[in-house]
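Visitor:
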Amino acid sequence: MSDMLLSAVAQGIIWSLMGLGIFVSFRVLREADLTAEASFTLGAVSGAQALAFGLDPALSVLISFLAGAAAGAITGILATKLKINVLISGIITMTSLYSINLAILGKANLSLNSFTTFREALAPLGLARNLDTVIIGALICAIIIVGLVLFFKTEMGQALIATGDNVQVARALGIRTDEMKMLGLMLANGLVAMSGNLVAQDNGYADIGMGVGTVVLGLAAVILGEVLIRNVSLPMRLVAIIIGAIVYRLLLMLVLQLHFNANDFKLFSGIILALCLAIPMIGKKRNSPDALNLGGE
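The opening position of the sequence shown corresponds to residue 223 in the working numbering, with each subsequent residue numbered one higher.
1) Between which residues of its own chain and S261 is the CB-CB distance below 6 Å, once the five residues before and five after are set aside?
2) Could you check the C-alpha separation between A513 and S455 for me, to the nearest Å?
3) For L277, I'd like the list of residues in its chain whose CB is within less than 8 Å of its CB, leaving aside the five on either flank, ordered along the chain.
4) Does the Cβ-Cβ distance between N323 and T257 come in under 7 Å?
5) In chain order, what residues of the same chain have a beta carbon less than 6 Å from the beta carbon of L344, not counting five sequence neighbours either side?
6) Looking at the structure shown, is A350 part of a helix, part of a strand, or coil, going by DSSP?
7) Should L239 go down as buried or exposed, given a rule of 16 or more other Cβ atoms within 10 Å for buried?
8) Do I464 and C363 have their CB atoms nearer than 7 Å?
9) Alpha carbon to alpha carbon, how far is L405 from F337?
10) Pick out whichever of I366, V437, S333 has its Cα sitting closest to the Cα of A274.
11) Put N307 into one of helix, strand or coil per three-state DSSP.
12) For K254, which three-state DSSP category applies?
13) Going by the DSSP bridge assignment, what does D429 pair with across the sheet?
14) Between the C-alpha atoms of A500 and G492, what's the straight-line distance to the nearest angstrom?
15) Check D278 in the structure and name its three-state DSSP category.
16) If I'm right that L304 touches A254 with Cβ under 8 Å, what's the distance once you round it to whole angstroms?
17) Can you name the start and end residues of the alpha helix (DSSP H) that I236 belongs to?
18) Only counting the same chain, and skipping five residues up and downstream in sequence, which positions put a Cβ closer than 7 Å to that of L516?
19) Quick one: what does DSSP say V391 is sitting in, helix, strand or coil?
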């Protein structure tokens, strides 16, 4: 049981980068960007090829970030220059990236067992399985969270937040909102691609279909974190996403323990997300003075 708990924690940490990326687009920029589903795969396949060329696993993560940022830039160009709705722009990019991802990978599935991944690099330390993933994932997440907190304190970061809050007001203040949208989409998809790289390294393979349904996983991490930890500062809000991702993986582990079919994971992912989205609204209705009074008064 302890091994399964450690596995859930490890998976939650590396998937939480997906949540951090979704947080930037969904909460900060307030845009529904479906590019993330293909960016996740792009991060995995670009990282896998970087490892195949003998590059350091840390460098492969950076390459994945840049590849994901490029995907976000494409969606940004469609949305800001061609004035296509962000949701539709994301769908266009996501669809187009399937062919690009397949071209990068060269085939539907590529094993990483013969390459130097993070797990192989930490093998001399003799760490338990999944503990190596926890260490690497926690270190990268800590770096990303510190970087995001510092970035959002800068003038550019504040401009990005203002753009997400109110585009008209931000534009009236002289903020180049199109550039901020582009930046937000690039940052979000870069983080998502990093998650794809780490998941591929942990699984030991990159697969062309591994990004299917990942947007739901990222949203679940964000929403669960917000439900569990409320009214906190930005640093703690970002940490809450990691906690949400871990709790989400623990819930899926519970599903597995109840002897449900593993093929039902996507179904339960949707149910968990729907419940988490409904909880705040249910709470508001219960606390509303207009709520139905059954006390007889």
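In this text, a Cβ means the ideal position worked out from N, Cα and C, and glycines have one as well.
Guide: Taking the geometry as given:
1) In the sequence shown, the residue the question calls residue 261 occupies position 39. Hits under 6 Å: G290, A293, N411, V414, A415.
2) Counting from one through the sequence shown, the residue named residue 513 turns up at place 291. Counting from one through the sequence shown, the residue named residue 455 turns up at place 233. Residue confidence for A513 is low, a pLDDT of 43 falling below 50, so the modelled location carries little weight and cannot support an answer.
3) Here residue 277 corresponds to residue number 55 of the sequence shown, with the count starting at 1. For L277, where only same-chain residues beyond five positions count, the Cβ hits under 8 Å are I285.
4) Numbered from its first residue, the sequence shown carries residue 323 at position 101. Numbered from its first residue, the sequence shown carries residue 257 at position 35. For N323 and T257, no; Cβs fall outside 7 Å.
5) Position 122 of the sequence shown, counted from the start, is the residue given in the question as residue 344. Taken in chain order, the residues that qualify are D354.
6) Within the sequence shown, numbered from 1, the residue matching residue 350 stands at position 128. Correct three-state label for A350: coil.
7) Against the sequence shown, residue 239 aligns to sequence position 17. Looking at its Cβ environment, which holds 16 or more other Cβ atoms inside 10 Å, L239 is buried.
8) Translated into the one-based positions of the sequence shown, residue 464 becomes position 242. Translated into the one-based positions of the sequence shown, residue 363 becomes position 141. Yes, these two residues count as a Cβ contact at 7 Å.
9) The residue you call residue 405 lines up with position 183 of the sequence shown. The residue you call residue 337 lines up with position 115 of the sequence shown. Cα to Cα, the separation comes out at about 33 Å.
10) Here residue 274 refers to the residue found at position 52 when the sequence shown is read from its first residue. Nearest of I366, V437, S333 to A274, Cα basis: S333.
11) Translated into positions along the sequence shown, residue 307 becomes position 85. Note: N307 maps to coil in three-state DSSP.
12) For the purposes of this step, residue 254 is taken as the residue at position 32 of the sequence shown. Reading off the sequence shown, one finds Ala at residue 254, where the question assumed Lys. Coil.
13) Working through the sequence shown from its first residue, we reach residue 429 at position 207. Partner(s): N331.
14) Here the question's residue 500 lines up with position 278 in the sequence shown. Here the question's residue 492 lines up with position 270 in the sequence shown. Each residue's Cα considered, the two are about 12 Å apart.
15) Reading the sequence shown from its first residue, position 56 is the one you call residue 278. Correct three-state label for D278: coil.
16) Counting from one through the sequence shown, the residue named residue 304 turns up at place 82. Counting from one through the sequence shown, the residue named residue 254 turns up at place 32. The pair is not a contact, with the Cβ atoms about 18 Å apart (cut-off 8 Å).
17) Counting from 1 along the sequence shown, the entry for residue 236 is found at position 14. Its alpha helix (DSSP H) spans residues 224 to 245.
18) Counting from 1 along the sequence shown, the entry for residue 516 is found at position 294. Confidence in L516 is poor, its pLDDT being 41 and thus under 50, which makes the residue's placement unreliable; the coordinate value appears in the next sentence. Contacts found: none.
19) The count along the sequence shown starts at 1 and reaches residue 391 at position 169. Helix, per DSSP.
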